[in-house]
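This report refers to the structure that appears directly beneath it.
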Amino acid sequence: MKRSTLQKALLIASSMVSHAFAEPMAFASPTNIFAPVSTPAKSIFGLSMFVLAVTAAIFVVVFTLLAYSVVKFRKRADDDGREPPQVYGSNQVEIAWTVIPVLVVLTLLVATARVIADVQNAARPDNAIEVTAIGHQFWWEFRYPALGVATANELHVPVSDGNHPTPTFIKLLSADTDHSFWVPRLAGKTDLIPNHPNSMWIDPHETGVYLGQCAQYCGTQHAKMLLSIYVQSREDFERWIREQREPAVVADTVSEGRRVFETTACINCHSVAGTMATGRFGPDLTHLMSRETIAAGAALNTPENLRLWIRNPDAIKPGSLMPAMQLNDRDLDALTAYLETLR
Amino acid sequence: MSSDSIALPRAEAASRPLVDALHGWVTTVDHKRLGILYILYALIFLVIGGIEAGIMRIQLMHAHNDFVSPQVFNRMFTMHGTTMIFFVAMPLVFGFANYLIPLMIGARDMAFPRLNAFSFWLTAFGGFLLYFSLVGANGLYGAGNAPDVGWFAYAPLTSRTFSVGHSTDFWTLGLLVSGFGSIGTAINILTTILCMRCPGMSLGKMPLLAWLNLVMSGMVILAISPLTAAQAMLLVDRYLGGHFFDTQAGGSAVVWMHFFWIFGHPEVYVLAIPAFAFASEIIPVFSRKAIFGYPVMVAATICIGFIGMSVWAHHMFTVGMSSSANTFFVLSTMAIAVPTGIKIFNWLATMWGGKIEFKTPMLFCVAFLFQFLVAGLTGIMLGAAPFDWQLSNSYFVVAHFHYVIVGGILFTIFGAFYYWFPKMSGKMCNETLGKLHFWLFFIGFHLTFDFMHIPGMLGMPRRIYTYEPGRGWDVWNLIVTIGVFFQALGTVIFVTNLLWSYFKGKAAGSDPWDAWTLEWSTLSPPPAYNFASIPVVKSRRPLWDLKHPNDPDWKYE
Amino acid sequence: MNATSMTVAETIQWDRPVRGRVAMFGLIAAEAAIFSIFVVAYLFYIGKSLTGPMPKDVLSVPIFYTICLLSSSLTIHLAVSALRRKGVRGFAVWWFATIALGIAFLYGTATEWHRLIYNDGLTISTNLFGTTYYSLVGLHGFHVVVGLIALSIVMALTLLGNVRAEHAERVDVLSLYWHFVDAVWVVVFTVVYVIGR
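Chains as they are written, first to last, in the numbering used here: chain A, 315 to 657; chain B, 58 to 614; chain C, 83 to 279.
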């Protein structure tokens, strides 16, 4: 009978869903929006729980009415063939189910407006770390203007203690098309739009590495424009800053590789502090070896990957704007060895 | 209404050469034939758009898959979205409107039959132009020069700098051309409804389908035009050296977003409101009760039309608008939930106290009620801007809008097919195949789109051709992909049913569902002139009045 | 077909609006929406050009040609009124005057553009002002051209003797389009030559 098949289908669907929910491991994710560790993400989390509760209540009420009417008012097998009483409307009922939703909407609006203000209009304390993030196709440029540091793809920030917050304020610019900075556990996303500077802030309360990626379609390799945020203790962060401010390591053993670097097109796009390479189109390579990945997270930073990246970027990230450098094997080896010294 | 007594000359039964028949269809200005042309055109593109979706879902089945290259994938999501909105959903809406409106208001045709035909062919040509991009330049391998900028084509990705070649131009021109067709049809529908209702059918007595298509037409006129303007500006930028969206010259990428979404948001109501119209005709008939709260349904729809023009920037919560601007759009977005909810309650109240028969059209409409409720609730979640700062541009949004468009709109359109197929063809659809189609599609829809919300909440952005393992997205993507096969199978059964029933279905007669609006008073299929004589009506349900002479509606309305 | 008289049930008084008029209002609404977007873009980009000639440096207010265009609304109204009173000759004269005034307006636009391009070096690609100015004024000019083509067709038909008093309603619907084009010019004029300068 139709009734039991409908009910059966609903039961199957709901048991599938609850099976999945029962195992917490199924939801383990480094980018879970419901596992916030920073104030903006936490404010959003609080609001989202409230909104979910309200919508769940509405769902339960309306679904129950629907399920009830589908069961109770179905045509019986022994129906007498007469039309049921025709009811054309009821003003009281219409008013009731207008007024109640209006009240619900107003409640949601007030709760939402408060969080909007908290996040967007937060005061910037004097000890905030200032970072400028510039979106590129398909990598992230990070500069710390007050600290004189330039790096790429992996952002380091100090952990923020609840009592003495040290948030990081990020100015968002773009060198080409639209991008979006999304690290779910730290904050909601904000877009990087050329000629339209934006700003966001994070204040992570726990050290660790937090993952994210570009969230606004920006071209062929939008999918591999990954983000890693390293939240460090104050001491570790300051040590990192000091290391990043150093000019490039100059090792005699790789002079051949340095020569290749400085006489090939590399310097048109890349910078290495203390050398003649001052290109801004590609990532700053001064401390390339301090990063765990290359190509904005598309590959681990190993000598093999680095060599492959230079020889044939399409093998790692087809459609990226890094050109295949037409180098012979000897130059390629020397160049890789040189880059390996840029700690 | 004694149309049964008219002996229809059997001239159509004489066999004519195929060329004559095709010529008749190509040169037709009859609203019924144009309606069917729109619908067939849309069905073909539904299959094509579905294949594009299938390709994407196979690629995303697990992390680091290499079923297609990133270039092909990016073309797939662009073409899938553009096709489904402009060359499936819009033609279905216009097709059913064209077919049904004159019949339901007691007219012989639309107000401007030749404009009707011209608008159809403009729409059709726009679709062909868009798809010609697949075979232009590089040909099919590498998917030719199909656009790859996303269906909303954000600037400056669409500038000559970042979008070399002509792929973006195929997008722009195809939609520009079909946009003119849409505006033509909207003007036609508006004029038909206002000027050609049969005697006695005041605006307060016309079927809800007519009211809702009237509101839809008004929205098309006001909403497609901004897209046309923005696309003209894009062409100026790309070909005349203009700077409308040229950020290097002081232009603004955000201006494109505003212009696009001023079109884009009302567009979803353009699609949804006719879906509501189908539900508003089908649910009463299969509950055996008049629609509950007709005047309120009209008022709510008009409210949705107006408020729907003011919510557009909820697609832009992450672009850095001020907190007051964001709050305003939260208000308007939440506000639209009120009239929409009122409609759901009125449909429920229509079923309440009725005698519900679960034929295939009603199955699809009951599922619509459930799914549209869920879709509306996830819409409220997205309307809370800070929550949207996490969820926007993620698979949660993709799940939400597919829930609206597939779970809401497509389900009622399936219902409309089963409900009006007997009128259009004179044959009943096979009820067993219909129910099989429903259950397969229902299961597949929920497998795909229920579970699709989860990767969004776990941080998976949209429009990515692959993803990293270890983000916890793999198993959900696999389940989502599995659902696609059920939906594909359901669609195959659907098309089979249409074909089988057209040739072998039981004869339907004029009024197989014991319904109450004027289209059921004439033959199935209706003769070219629709009605033997123009009807005169006294209430919203003229056939109820005829069938219940002691208890007519006009005593109670 | 807009017959309001029925062969059945004469007890019902059944008045509905005229199809052509409703459709023309629909078209005007769509066109108004398109123009609004161009106007918004123009207003938004005022003062945002990074280089090049600025409006106040190069724009001179086209008072005379504006008077021509706005007067053409009056002449077309007189034409339609004449036709309603069955004065086909009067109609032809005023209709011709409308066309002539429209052409004068276009001539004024053409000379202005010639000066801007060749004397002042302002083209559609020069800067944001150039892009928005030529787009908005050009879109309006395009609509004037389309209107003039329609008016000319009617002129030709009139000279051939095919236009009579019973066509007054249709001609009136066409005049609605012309009035719309003039109304748009009022907005464009205000935005470009008053606010934007």
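No residue lacks a Cβ here, since even glycine has one placed at the ideal position from N, Cα and C.
Enumerate in chain order the residues of its own chain whose CB-to-CB distance from residue i is below 8 Å, with the five nearest sequence positions on each side excluded.
i	result
B/PHE374	ASN383, PHE386, ALA442, ASP445, TRP446 and SER449
C/GLY229	GLY184, TYR259, TRP260 and VAL263
A/ALA410	none
Take residue i and list the residues in its own chain whose beta-carbon comes closer than 7 Å to its own, dropping the five residues that flank it on each side.
i	result
A/GLU337	Low local confidence applies: a pLDDT of 42 at A/GLU337 is under 50, so the model's placement there is unreliable, with the coordinate-based value given in what follows. So the list is empty, once near-sequence residues are dropped.
B/VAL355	TRP268
C/THR205	ILE199 and GLY212
With 16 as the cutoff for other CB atoms within 10 Å, does residue i come out buried or exposed?
i	result
B/LEU603	exposed
B/ILE470	buried
B/TYR98	buried
A/PRO415	buried
B/ARG598	buried
A/PRO597	buried
A/PHE335	Legend: pLDDT at A/PHE335 = 44, less than 50; position of this residue unreliable, no value from coordinates given.
B/VAL76	exposed
C/LEU241	exposed
A/TYR652	buried
B/LYS561	exposed
B/GLY433	buried
C/ASN201	exposed
A/ASP393	exposed
Along chain A, in chain order, which residues have C-beta atoms closer than 8 Å to that of residue i?
i	result
B/ILE413	SER383, VAL384, PHE387, ARG388 and LYS389
B/TYR613	GLN400 and TYR402
B/ILE399	GLU408, TRP411, THR412 and PRO415
Does any residue of chain A have a CB that is nearer than 8 Å to the CB of residue i?
i	result
B/GLN447	yes
B/TYR522	yes
B/PHE349	yes
B/SER380	yes
B/GLY410	yes
B/LEU430	yes
Enumerate in chain order the residues of its own chain whose CB-to-CB distance from residue i is below 6 Å, with the five nearest sequence positions on each side excluded.
i	result
C/ILE110	PHE262
A/VAL351	ARG499, PRO518, HIS519 and GLU520
With a cut-off of 8 Å, does the C-beta of residue i fall near any C-beta of chain B?
i	result
C/THR191	no
C/LEU165	no
C/LEU109	yes
C/SER217	yes
A/LYS485	no
C/THR180	no
A/ILE372	yes
A/ALA336	Residue placement at A/ALA336 cannot be trusted, given a pLDDT of 40 that sits under 50; the coordinates are not used to answer.
A/ILE507	yes
Could you list which residues in chain B have their beta carbon closer than 7 Å to that of residue i, in chain order?
i	result
C/ILE116	SER282, THR285 and ALA286
C/LEU210	HIS300, ALA306, GLY307 and GLY308
C/TRP78	Chain C is shown only over 83 to 279; residue 78 of chain C falls outside these bounds and no answer can be derived.
I want to see whether chain D comes within less than 8 Å of residue i, judged by CB atoms only; does it?
i	result
A/PRO637	The structure shown has no chain D; the protein chains it does contain are A, B and C.
Listing by chain order, which chain A residues have their CB less than 7 Å from the CB of residue i?
i	result
B/MET136	The contacting residues do not exist; B/MET136 stays about 14 Å from chain A at best.
Could you name the residues of chain B that residue i contacts, counting a contact when the two beta carbons are closer than 9 Å?
i	result
C/PRO99	THR248, LEU251 and CYS252
A/HIS536	PRO127, ASN131, PRO518, ARG520, ILE521 and TYR522
Report yes or no: is there a C-beta of chain C within less than 8 Å of the C-beta of residue i?
i	result
B/LEU230	no
B/PRO584	no
B/ALA168	yes
B/PRO312	Per the sequence presented here, residue 312 of chain B reads as Val, with Pro not at that position. Interface residue, yes.
B/ILE244	yes
Find the residues of chain A that neighbour residue i, judging by a C-beta separation of less than 9 Å, and give them in chain order.
i	result
B/ALA203	Residues of chain A passing the Cβ test: none, with the nearest at roughly 14 Å.
B/THR384	LEU423, THR426, ALA427, ILE430 and ALA431
Strictly below 9 Å CB to CB, what residues from chain C border residue i?
i	result
B/MET438	Neighbours of B/MET438 on chain C: none; closest Cβ ~31 Å, over 9 Å.
List the residues of chain B whose Cβ lies closer than 8 Å to the Cβ of residue i, in chain order.
i	result
C/THR240	In chain order: nothing, as chain B lies at least about 24 Å away.
C/ILE206	VAL293, LEU297, GLY298 and GLY299
C/LYS138	Here the premise fails: no neighbours, minimum Cβ distance about 18 Å.
### Message
Ignoring anything shorter than 4 residues, give me the alpha helix (DSSP H) runs that lie fully in the segment 532-574 of chain A, in order along the chain.
### Response
As summarised for the segment 532-574 of chain A, the continuous alpha helix (DSSP H) elements at least 4 residues long and confined to that stretch are 548-559, given in chain order.
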